[in-house]
Amino acid sequence: MTKNARDNALLPTNEDTCGPYFPIYFQDDSLEDLTRVGPGIVADVAGTQILLRGRVLDRHGDLAHGVVMEFWQANAKGVYRTPATANDADIDPWFHGYGRLRADTGEYKFRTILPGGVGNRAPNITITIFSDGISRIVTQMFFADDPRNADDPLFSALGADEQTRLIARHDGRTANGAEVYCFDIVMAGPNETPFFDDLES
Amino acid sequence: MTEFGRQLGIGPTDNTSDQRTPRKRLRLIPQQARASFVPVAPARAITRANEWDMTRVAPDRPRAEGVPIEVTGTVRNENGTPVRNGLIEIWSANHFGRYRHIEDQSGLRLDENFFGMGRVLTDDDGKYRFWTISPGAYLARPDIGRWRPKHIHLSITGGSARLITQMYFPDEPNNASDPMAILMGDAFERNIGRPYDVAGKDVDQGFGFDVTVGGKNATFFE
Numbered sequence: 039m040t041k042n043a044r045d046n047a048l049l050p051t052n053e054d055t056c057g058p059y060f061p062i063y064f065q066d067d068s069l070e071d072l073t074r075v076g077p078g079i080v081a082d083v084a085g086t087q088i089l090l091r092g093r094v095l096d097r098h099g100d101l102a103h104g105v106v107m108e109f110w111q112a113n114a115k116g117v118y119r120t121p122a123t124a125n126d127a128d129i130d131p132w133f134h135g136y137g138r139l140r141a142d143t144g145e146y147k148f149r150t151i152l153p154g155g156v157g158n159r160a161p162n163i164t165i166t167i168f169s170d171g172i173s174r175i176v177t178q179m180f181f182a183d184d185p186r187n188a189d190d191p192l193f194s195a196l197g198a199d200e201q202t203r204l205i206a207r208h209d210g211r212t213a214n215g216a217e218v219y220c221f222d223i224v225m226a227g228p229n230e231t232p233f234f235d236d237l238e239s
Numbered sequence: 006m007t008e009f010g011r012q013l014g015i016g017p018t019d020n021t022s023d024q025r026t027p028r029k030r031l032r033l034i035p036q037q038a039r040a041s042f043v044p045v046a047p048a049r050a051i052t053r054a055n056e057w058d059m060t061r062v063a064p065d066r067p068r069a070e071g072v073p074i075e076v077t078g079t080v081r082n083e084n085g086t087p088v089r090n091g092l093i094e095i096w097s098a099n100h101f102g103r104y105r106h107i108e109d110q111s112g113l114r115l116d117e118n119f120f121g122m123g124r125v126l127t128d129d130d131g132k133y134r135f136w137t138i139s140p141g142a143y144l145a146r147p148d149i150g151r152w153r154p155k156h157i158h159l160s161i162t163g164g165s166a167r168l169i170t171q172m173y174f175p176d177e178p179n180n181a182s183d184p185m186a187i188l189m190g191d192a193f194e195r196n197i198g199r200p201y202d203v204a205g206k207d208v209d210q211g212f213g214f215d216v217t218v219g220g221k222n223a224t225f226f227e
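Protein sequences appear in the order of chains A and B.
Under this note's numbering, the residue at position 102 of the first sequence is numbered 140, and the numbers go up by one with no gaps.
Under this note's numbering, the residue at position 38 of the second sequence is numbered 43, and the numbers go up by one with no gaps.
Printed below as a string of structure tokens:
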């Protein structure tokens with residue numbers, strides 16, 4: 039964008055906290071399980087089904103109850119569903135890749151498929167958290183033992199401790215045909231999850 | 006090596022903000038990974054026909070207690086492009102400052118005629134409208150006498166535009182001491198609704214609240 043266009047840019051409305059009372063009424067099951075399209079509808083999502091589960095913790099290690107989590111990922115063939123990929127042959131008509139849930143207690147479960155790698159990126163899921171006390175924080179989660187992690191431009195730039203905090207680990211179980219992965223997020227404190235700045239990047 | 010961006014501020018007198026605000030600076034996203042941080046939500050049309058009028062729980066039920074208001078505005082990105090067919094999820098406390106939420110343990114009065122939650126869609130010009138009850142302020146920190154000023158929560162989702170914000174009301178005594186308003190500084194003005202005349206409408210006050218969804222994500226696919 040040219041400097042002149044930036045000078046004409048509208049001033050953004052401030053982000054603000056969603057507070058503790060984001061209505062549970064707004065929940066949408068089809069955004070909490072991306073292998074489903076809607077009640078009673080036959081869907082045929084391609085890929086390995088996974089159940090991602092974990093806890094969101096605060097500075098004291100307590101569950102961060104009432105956080106709103108949003109997920110964003112590519113499909114099994116490594117294609118994000120965006121305006122730019124509308125005509126991509128590898129779009130999965132049954133998969134949009136955007137999820138949302140409210141973690142009432144601070145624990146969450148999100149059913150989806152294992153994303154494919156996109157270009158030189160290792161498979162990952164972008165996670166946004168809205169919560170009381172903050173406006174919005176964003177991170178990106180990777181999968182344990184994926185050989186592509188080592189060459190990923192974001193993951194490989196982090197120190198070893200930080201890399202560990204962005205890894206989801208298979209816990210050895212399956213749940214209704216989904217491979218179970220565990221991923222905890224620490225919002226603040228010594229074991230803080232690395233968060234990313236999508237406003238200044 | 007990772008480079009660093011913003012340091013998020015902790016809201017003064019806000020215990021939850023102290024518990025949940027990251028202490029390390031946010032990391033900048035390497036250019037090769039930038040596009041992966043742009044979620045695109047599918048268009049949703051899950052509003053019920055009566056949800057735009059939050060002053061009643063159903064069209065055949067009485068009006069809730071308090072002052073009925075209209076809120077209207079246009080949602081745009083920083084380039085001025087309207088956010089079309091965007092979902093706006095709205096929630097607020099009732100006239101007495103109480104949310105009809107199972108986790109609100111404040112004990113303040115509930116109103117059987119007010120749910121305090123509704124959804125509307127923006128039109129082809131990015132415009133929206135809803136009716137609700139002017140929300141009550143409530144004492145957020147009884148130990149230090151700090152109030153939350155009157156506010157309405159709005160969550161906006163439209164393509165890659167994503168914003169959760171709050172509309173505040175002009176000239177409210179508690180605006181200045183609100184932790185999030187303090188973090189916003191002078192920019193807090195942008196989050197205050199502008200009163201307008203509602204003569205001839207079945208509400209007592211009107212507030213204009215134009216929303217600009219900032220950031221690179223909202224303009225990524227233009």
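Glycine is no exception: its CB is placed at the ideal position from the N, C-alpha and C atoms.
Since this is a predicted model, take the numbers as computed values, not measurements.
Use the C-beta contact count for residue i: other C-beta atoms within 10 angstroms, 16 or more gives buried, fewer gives exposed.
i      : result
B/A46  : buried
B/Y171 : The question names Tyr, yet the displayed sequence has Gln at residue 171 of chain B. Buried is the call here.
A/S194 : exposed
B/R1   : The structure shown does not extend to residue 1 of chain B, since chain B spans only 6 to 227, so no value can be given for it.
A/T177 : buried
A/I165 : buried
B/I169 : buried
A/G197 : exposed
A/L78  : According to the sequence displayed, residue 78 of chain A carries Gly and not Leu. Burial call: exposed.
A/V80  : exposed
With a threshold of 7 Å on Cβ separation, who are the neighbours of residue i within its own chain once the five nearest residues in sequence on each side are excluded?
i      : result
B/T224 : N82, E83, N84
A/A226 : D96, R97
B/A166 : N82, V88, G91, V218, A223
B/V72  : I138, S139, D209, Q210
B/A145 : R151, W152, R153
B/D129 : R89
Does the beta carbon of residue i sit closer than 8 Å to a beta carbon anywhere in chain B?
i      : result
A/A122 : yes
A/I172 : yes
A/W132 : no
A/A81  : no
A/Y136 : yes
A/Y146 : no
A/N162 : yes
A/H98  : yes
A/L196 : yes
A/V117 : no
A/T40  : Confidence at A/T40 is low in this model, with a pLDDT of 49, below 50, so its placement is unreliable and the value that follows should be read with caution. No - not a single Cβ of chain B is within 8 Å of the one on A/T40.
A/A141 : no
A/D199 : no
A/R91  : no
Could you tell me the distance, in whole angstroms, from the CA atom of residue i to the CA atom of residue j?
i      : j      : result
A/D170 : A/N214 : 33 Å
A/A114 : A/R186 : 15 Å
B/P103 : B/P184 : The amino acid occupying residue 103 of chain B in the given sequence is Arg; Pro does not appear at that position. Their Cα atoms are separated by approximately 19 Å.
B/Y173 : B/G78  : 14 Å
B/G152 : B/G14  : Going by the sequence as given, residue 152 of chain B is Trp instead of Gly. Each residue's Cα considered, the two are about 20 Å apart.
A/L237 : B/P35  : 13 Å
A/L72  : B/D148 : 44 Å
A/I223 : A/T231 : 6 Å
B/D109 : B/G141 : 14 Å
B/F2   : A/G210 : The question about residue 2 of chain B has no answer here: the residues shown for chain B are numbered 6 through 227.
A/H208 : A/T202 : 14 Å
Closer than 8 Å, CB to CB, is residue i near chain A or not?
i      : result
B/L126 : no
B/Q210 : no
B/L13  : yes
B/Y104 : yes
B/I34  : yes
B/K206 : no
B/T170 : yes
B/S182 : no
B/S139 : no
Does DSSP classify residue i as helix, strand or coil?
i      : result
B/G190 : helix
B/S160 : strand
A/I62  : helix
A/T202 : helix
B/N82  : strand
B/Q12  : coil
B/T77  : strand
B/M185 : helix
A/D209 : strand
B/Q210 : strand
A/F148 : strand
A/T40  : Caution is warranted here: a pLDDT of 49 is assigned to A/T40, below 50, making its placement in the model unreliable, and the coordinate value is therefore given only provisionally. Reduced to three states, the DSSP call for A/T40 is coil.
A/F193 : helix
B/Q171 : strand
Can you list, in chain order, the residues of its chain whose CB lies under 8 Å from that of residue i, leaving out five sequence neighbours each side?
i      : result
A/P191 : N158, R159
A/F60  : G104, V106, R140, F168
Among the residues of its own chain, which have a CB less than 6 Å from the CB of residue i, if the five just before and after it don't count?
i      : result
B/H12  : With the sequence shown as reference, residue 12 of chain B is identified as Gln, and His is not the correct amino acid for it. So the qualifying residues of the chain are R30.
A/D130 : A84, N113
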